[in-house]
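Reviewing the structure listed below.
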Amino acid sequence: MAEELIKLEGSKEAIYQGLLPQIKGLISGETDQIANLANVCAALKETFDFLWVGFYLVKEEELVLGPFQGPIACTRIQKGKGVCGTSWEKAETLVVPDVDLFPGHIACSSLSRSEIVVPLIATNNVVGVLDVDSKDLATFDEIDAHYLNEICSWLV
Ligand code: SME
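My numbering puts the first residue of the sequence shown at 259, with every later residue one more than the last.
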């Protein structure tokens, strides 16, 4: 396993295309899910310098904070609440260009301006979500949705 990520430059799509094989290399050969979630957070944070990258995992009908990189965050989110709980309920990726315009958004950090949440789906069941927050408005689009979904499909 490489011990450092290769520095990537270019368009967002080019960066994801360079990053995905590195992430695959990082997680293949490791069967512990928490170890892999932790390294995925670190790889995304280091590559894109997002404000917050982390996972919430479904435990007894709540989302509970899992591995993350960034400021401290709320530990539990109910189904249907906030962007994460809504992504869980709908089993859909949610791209939020302006968190202030998302009804019920949960502000773990007042610095967060936009957000994407991707569900982790194992045999038709949402088992967690990947949540990524940005300090800037409208950071995320269908390119992020596409590549983050691909990464999440490797983690279940
Ligand atoms: N903003 C999220 C809560 C989690 S934090 O952003 C880390 C939400 O509305 O579900």
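Beta carbons: idealized from backbone N, C-alpha and C, even for Gly.
It is roughly 23 Å from the alpha-carbon of L388 to the alpha-carbon of I264. Proximity to L378 across Q291, P279, S269, I330 peaks at Q291, based on C-alpha coordinates.
Taking a C-beta distance under 8 Å as the contact criterion, F313 and L302 do not qualify as a contact pair.
Proximity to T397 across N382, E373, D307 peaks at E373, based on C-alpha coordinates. Per the Cβ contact rule, the stretch 350-362 is in contact with the stretch 392-408 (3 or more Cβ pairs under 8 Å).
If you draw a 10 Å sphere on the C-beta of D391, you find 16 or more other C-beta atoms in it, and that means buried.
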